[in-house]
Structures are given as C-alpha cells and as structure tokens.
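Trainee: For reference, the structure I am asking about is given below.
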Amino acid sequence: MLSQNLSQTYLEEDRNFLEEISPKSSSLKDLRVLVVDDSDDCSYVMEFVLSDHQAQTKTAASVDEAIEAIKEWKPNIVISDIRMPDKDGYSLIRSVRKKEAIDGGFLPAVALTSYRDTEVLSKAINAGFQEVIRKPFEPDELVAILVKLTQGT
1 MLSQNLSQTY
11 LEEDRNFLEE
21 ISPKSSSLKD
31 LRVLVVDDSD
41 DCSYVMEFVL
51 SDHQAQTKTA
61 ASVDEAIEAI
71 KEWKPNIVIS
81 DIRMPDKDGY
91 SLIRSVRKKE
101 AIDGGFLPAV
111 ALTSYRDTEV
121 LSKAINAGFQ
131 EVIRKPFEPD
141 ELVAILVKLT
151 QGT
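Under this note's numbering, residues 1 to 153 are what the sequence shown spells out, in order.
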C-alpha cells in the first residue's frame, strides 16, 4: 500500500511540475497528433503537454502501430522518435512519404531524438521530417513547431 501511495505522490508531483512549465493555450485545439515512441514516459509527457493545449492525441509504440493509426485515425501531424527497436523513425517517414507519392496528400512530421549530432539532425530532415526536436524538449518549443507546421489544416 505504501508503494502505491508513493507512486501516486510522484505522479501528482510530475503533473504539478508539467502544469508549471506548460502554459494553457488553445493554439492546438482539435489538432490530431500522433505520437510515436517506444518510451511510455516520453509518450505520457507528450500526451500531457498536447492535451493541455487542447490537441487530440493518439500514441503508438512502434512503426507498425503508427502506420495503422495513420490509416485509421488520419492525424494532422506525426511526432516520431528516431531510435526505436526493430523499425526506426526513418523507416516510418519513408513509408509515409512513399504512400503520399502514390496516393497524394501530405502529412507533416516532426522527428524526436536525444541525438545531438548534426549529421543525425540533417539525416532526419533529408529523410522527410520537417522539423527535429531534441529530448528533453521544451513544451513551448513543441507547441510552436506544431502550430507552424499545421497552419491551415
């Protein structure tokens, strides 16, 4: 019982901290954002920040889950971690861009990475991502990038 109470306390402290760093805004109101990351912690933080800004979020823990979610849910934008087991974020963006070449349309995409190497960042842009966000990310930076990439959607 003590363990569960302690866990609940930590979750509450995390939520309070995130509320402090994440200003309320309706700039993402009703935007459908697909978050692709194998890290539950990162997905949770992303989901919290985005829902706090009134975005609709869906998470996927793998490229295969993400491709299915894109087909079924039709997000306005995708945020994908680059490094994941099996298939990585580059694999996801190649699949998305290949489908667009056949079917038309365009899905903005943001790469999420803990890499600091400029070659990796360039590779992400060249692969088909429009922006790269480094972990740990600033919530305001994330929101600003999503607004910029989805204006008019």
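Backbone N, C-alpha and C define an ideal beta-carbon position, used for all residues, glycine too.
The structure presented is a predicted model; accordingly, all values stated were derived computationally and were not measured.
With DSSP as the reference, please indicate the residues paired to Asp81 in a beta bridge.
Mentor: Reading the sequence shown from its first residue, position 81 is the one you call residue 81. DSSP lists Leu112 as partners of Asp81.
Trainee: Strictly by DSSP, which residues pair up with Val36?
Mentor: Taking the sequence shown and counting its residues from 1, the one referred to as residue 36 is at position 36. In DSSP, Val36 forms a bridge with Ala60 and Ser80.
Trainee: Can you look up Glu141 in the DSSP assignment and give me helix, strand or coil?
Mentor: Locating residue 141 in the sequence shown gives position 141, where the first residue counts as 1. It is helical.
Trainee: Counting only the same chain and skipping the five closest in sequence on each side, list residues whose C-beta sits under 6 Å from that of Leu112.
Mentor: To locate residue 112, count along the sequence shown from 1; it is residue 112. Correct list, in chain order: Ile79, Asp81 and Ile133.
Trainee: Rounded to the nearest angstrom, what separates Cys42 and Leu107 at their Cα positions?
Mentor: Mapped onto the sequence shown, residue 42 falls at position 42. Mapped onto the sequence shown, residue 107 falls at position 107. Spanning the two alpha carbons is a distance of roughly 22 Å.
Trainee: Three or more beta-carbon pairs under 8 Å between the stretch 80-98 and the stretch 61-70, yes or no?
Mentor: yes
Trainee: Based on the DSSP output, what are the partners of Arg134 in its beta bridges?
Mentor: As a working mapping, residue 134 is identified with position 134 in the sequence shown. Looking at the DSSP assignment, Arg134 forms a beta bridge with Thr113.
Trainee: Per DSSP, what kind of secondary structure is Asp30 in: helix, strand or coil?
Mentor: Locating residue 30 in the sequence shown gives position 30, where the first residue counts as 1. Here Asp30 sits in coil by DSSP.
Trainee: Can you name, in chain order, every residue of its own chain whose Cβ lies under 6 Å from the Cβ of Glu138, other than the five neighbours on each side?
Mentor: Counting from one through the sequence shown, the residue named residue 138 turns up at place 138. Excluding residues within five positions, none has a Cβ falling inside 6 Å.
Trainee: Can you tell me whether DSSP reads Ala66 as helix, strand or coil?
Mentor: Working through the sequence shown from its first residue, we reach residue 66 at position 66. Looking at Ala66 - three-state DSSP - the assignment turns out to be helix.
Trainee: By Cβ distance, which residues of its chain are closer than 6 Å to Leu50, with the 5 residues on each side in sequence left out?
Mentor: The residue given as residue 50 occupies position 50 in the sequence shown. Only Val33 and Thr57 meet the Cβ criterion.
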